[in-house]
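My numbering runs 216 ahead of the 1-based position in the sequence shown. Note that beta-carbon positions come from the ideal geometry of N, C-alpha and C, so glycine has one too. Note sheet for the following structure.
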Amino acid sequence: MACINAKKTCWNCPAAKFKGNVDFTACGQSRNIEAENAQIMIECRRRPGLGHFEPTITFEDCPEWEEGDYGYMLKNMKVMILGIDGYLGWALALKLGKLGCKVSGVDNYWRRDCVAEKGSHTVVPIERMTDRLHAAREVHGIDINFRRIDVMDRDKLREFMDEVKPEAIVHYAECPSAPYSMVDAKHAIKVQENNVLGTLGVLFIMKDIAPEASLIKLGTMGEYGAPLTGRPLFEGIFPSDAALEWKGRKWSLGGELTPRDPVSFYHCSKVQDTFNVYEACKYWWLRSYDIMQGVIYGVHTDEIATDPRLKTRFDMDEWFGTVVNRFVAQAVLGMPLTIYGRGEQIRAFIALDDAMQCMVRLIFSPPEPGQYDVVNQVSGLFKVSDIAEAVARVGKEKFGLEIKIQRIENPRVESEKHPLEVVSKKLPNEFGFEQGVTLEKEVERMFEVLLQPEVKKRLEEKKHTIMPKTRWSGMKKESGTLEVYEPGSKEKEGFEGVLRRGA
Ligand SMILES: NC(=O)c1ccc[n+]([C@@H]2O[C@H](COP(=O)([O-])OP(=O)(O)OC[C@H]3O[C@@H](n4cnc5c(N)ncnc54)[C@H](O)[C@@H]3O)[C@@H](O)[C@H]2O)c1
217 MACINAKKTC WNCPAAKFKG NVDFTACGQS RNIEAENAQI MIECRRRPGL
267 GHFEPTITFE DCPEWEEGDY GYMLKNMKVM ILGIDGYLGW ALALKLGKLG
317 CKVSGVDNYW RRDCVAEKGS HTVVPIERMT DRLHAAREVH GIDINFRRID
367 VMDRDKLREF MDEVKPEAIV HYAECPSAPY SMVDAKHAIK VQENNVLGTL
417 GVLFIMKDIA PEASLIKLGT MGEYGAPLTG RPLFEGIFPS DAALEWKGRK
467 WSLGGELTPR DPVSFYHCSK VQDTFNVYEA CKYWWLRSYD IMQGVIYGVH
517 TDEIATDPRL KTRFDMDEWF GTVVNRFVAQ AVLGMPLTIY GRGEQIRAFI
567 ALDDAMQCMV RLIFSPPEPG QYDVVNQVSG LFKVSDIAEA VARVGKEKFG
617 LEIKIQRIEN PRVESEKHPL EVVSKKLPNE FGFEQGVTLE KEVERMFEVL
667 LQPEVKKRLE EKKHTIMPKT RWSGMKKESG TLEVYEPGSK EKEGFEGVLR
717 RGA
């Protein structure tokens with residue numbers, strides 16, 4: 217799998233200078249600078265000595281690309297991470313830095329501020345950015361070029377991008393929370409402004425400053441919703457042989473964006489982003505992978521685990537905690553694991569370490585100019601009640617914890633029983649992703665971290681932030697208990713998720 221991107225060419229390489237050479241408005245034509253019969257001529261930023269040439273050099277033939285653990289990797293690739301201080305951003309910065317990338321990043325501490333506003337904190341203590349940067353240098357020898365910038369401040373971001381000239385831009389800098397967006401009008405507007413307008417600004421800046429960089433943009437599987445018909449969730453775009461039949465007539469759907477059915481105002485912001493990124497690729501020949509990411513769980517990557525100062529954040533409050541992380545926190549606190557409603561909601565998941573592997577692979581196999589592509593970044597589908605069972609099982613077998621499960625009134629508006637079929641073929645088949653972590657393994661690691669006395673103390677301090685009080689209806693009321701039961705005492709019923717990964 218190591219050479220999965222060996223045959224990609226200058227078309228995919230961010231060092232290839234298309235702007236000024238190729239007239240994309242009339243696709244397939246160029247200014248035809250030197251050779252009379254040449255179709256398209258480009259220059260290389262890294263190898264100016266080549267002059268103008270046809271963009272046909274493969275990664276395996278180019279001395280700027282070298283073989284590594286994730287296929288061919290662009291030497292010292294300049295990757296800018298927007299939202300570098302976050303749960304995922306920090307983990308990715310360390311991973312890329314260790315691989316030899318020149319990592320830069322921006323953050324305005326939005327997440328730290330929002331969590332504080334809600335009276336909570338990350339239960340795994342994290343350092344201030346200055347200390348994180350210092351530790352990254354000391355422990356891993358990584359120099360991260362960080363700037364405190366609000367993505368909404370376009371002048372500052374433009375200036376920094378112009379200085380760095382990134383070859384890939386990972387855009388994590390958005391509010392990641394559905395419940396936070398449902399608190400009230402102020403929160404919904406704050407989330408949509410930050411996410412939608414922030415991303416729109418990034419697209420305009422990229423057009424001017426870094427049109428050949430790939431944009432690795434984070435969306436979420438929640439953009440699709442969970443169709444009650446059981447229609448598969450394709451990777452963002454209908455396959456070429458999909459068709460719509462109606463009253464005896466038939467049309468191809470191939471290549472069209474698939475329907476989105478977001479499930480909160482946060483998810484709506486991601487859907488709007490999808491359209492804005494799609495359009496920017498169409499109008500300006502930007503290139504992007506839009507990642508429909510499953511819910512992330514876990515605490516581990518090799519780089520984070522090396523030193524306590526390098527830990528990434530871990531939240532378990534009702535607004536910013538994701539479900540697996542919250543269940544482990546509840547188990548450590550001796551609280552029953554709270555599932556919403558029937559608990560038969562099926563969702564897509566991926567462990568932190570696996571998500572980081574996917575990101576690295578996508579960064580090193582950039583799309584072509586104008587290419588907008590969607591990947592479903594998922595390693596497993598689980599019913600919420602099954603996750604509770606798994607956490608209870610690992611907690612008991614490995615740590616001797618007696619854990620109960622509790623069904624509570626569902627604060628969300630969502631179907632609690634539905635089929636779910638997810639297609640996630642591109643990452644394994646086209647990018648070489650191999651799942652490295654099982655749910656049980658990562659849950660065990662999470663218990664190990666959360667049971668440490670310092671972390672457990674921080675959990676106890678914020679225990680009151682766990683039970684949901686934010687309802688999609690707008691009512692502010694803690695969800696009442698419907699039922700408490702012993703793990704393993706329920707018959708399995710309802711639908712099972714279907715994940716299509718094969719060729
Ligand atoms: N964690 C998950 O389970 C999950 C699942 C699917 C999608 N995602 C998406 O992945 C991305 C990263 O998620 P995360 O869990 O790391 O969230 P996070 O909140 O920990 O990270 C986002 C970072 O971006 C920063 N940020 C936000 N707005 C900013 C702005 N205007 N200017 C500068 N910095 C800003 C925040 O301060 C934070 O450090 C988000 O876009 C999220 O929607 C996350």
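Residue burial classification, residue i (beta-carbon count within 10 angstroms, cutoff 16)
| i | result |
| --- | --- |
| M691 | exposed |
| A459 | exposed |
| T697 | exposed |
| L304 | buried |
| Q546 | buried |
| I215 | What is shown of the chain runs 217 to 719, which leaves residue 215 out entirely. |
| T346 | exposed |
| K527 | buried |
| D371 | exposed |
| T445 | exposed |
| H680 | exposed |
| E534 | buried |
| E451 | buried |
| K642 | buried |
| P264 | exposed |
| P279 | exposed |
| D424 | exposed |
| D400 | exposed |
| E650 | exposed |
Alpha-carbon to alpha-carbon, residue j and residue i
| i | j | result |
| --- | --- | --- |
| R577 | S595 | 15 Å |
| A567 | K463 | 44 Å |
| P475 | K693 | 33 Å |
| N592 | G435 | 9 Å |
| V665 | G299 | 24 Å |
| P271 | M398 | 48 Å |
| V511 | P627 | 18 Å |
| L236 | K498 | The question names Leu, but residue 236 in the sequence shown is Gly. Their backbone Cα atoms lie some 18 Å apart in a straight line. |
| D301 | T522 | 18 Å |
| Y494 | V487 | 11 Å |
| G710 | Y556 | 16 Å |
| H483 | E605 | 27 Å |
| D359 | A351 | 10 Å |
| C317 | K291 | 7 Å |
| K233 | K678 | 52 Å |
| I385 | K294 | 9 Å |
| P478 | Y440 | 6 Å |
| F376 | S336 | 32 Å |
| M572 | A608 | 26 Å |
| S705 | G559 | 14 Å |
| E354 | H516 | 20 Å |
| M437 | D489 | 13 Å |
| W500 | R374 | 17 Å |
| Q245 | G267 | Reliability of the predicted coordinates at Q245 is poor, the pLDDT of 45 falling under 50, and the value obtained from them is presented with this limitation in mind. Their Cα atoms are separated by approximately 18 Å. |
| Q668 | R661 | 11 Å |
| T225 | D457 | 28 Å |
| L653 | D569 | Per the sequence shown, residue 653 should be read as Val rather than Leu. Using only the alpha carbons, I get a separation of about 7 Å. |
| V544 | T338 | 14 Å |
| E676 | M683 | 13 Å |
| S393 | D369 | 22 Å |
| V600 | D378 | 45 Å |
| E630 | S689 | 12 Å |
| D285 | D366 | 34 Å |
Cβ distance (whole Å) where residue i is taken to contact residue j below 8 Å
| i | j | result |
| --- | --- | --- |
| I619 | L553 | 6 Å |
| N492 | L419 | 6 Å |
| A719 | N645 | 6 Å |
| G514 | L597 | Rounded, the Cβ-Cβ distance is 17 Å, inconsistent with contact. |
| I432 | H387 | 7 Å |
| V610 | F663 | 7 Å |
| T274 | A231 | Not a contact, Cβ separation roughly 14 Å. |
| E584 | N361 | Not confirmed; about 28 Å, so no contact. |
| D589 | Y505 | 5 Å |
Any non-hydrogen atom of ligand 3 closer than 7 Å to residue i Cβ
| i | result |
| --- | --- |
| A389 | As for ligand 3, it is missing from this structure, which binds only ligand 1. |
Every unbroken beta strand (DSSP E) within the segment 617 to 645, with a cutoff of 3 residues, ordered by chain
621 to 624 and 637 to 639
Entirely within the segment 542 to 569 and at least 3 residues each: give me those beta strand (DSSP E) ranges in chain order.
553 to 556 and 562 to 567
Just to confirm the assignment: which complete alpha helix (DSSP H) runs, minimum length 4, are found wholly within the segment 451 to 524?
481 to 500 and 518 to 521
Which runs of the beta strand (DSSP E) spanning at least 3 residues fall entirely within the segment 337 to 417, listed in chain order?
361 to 364 and 384 to 387
In chain order, which alpha helix (DSSP H) runs of at least 4 residues are fully inside the segment 660 to 708?
669 to 677
3-residue-minimum beta strand (DSSP E) runs that sit fully inside the segment 265 to 335, ordered along the chain:
281 to 284, 287 to 290, 294 to 298 and 318 to 323
Entirely within the segment 417 to 446 and at least 3 residues each: give me those beta strand (DSSP E) ranges in chain order.
430 to 436
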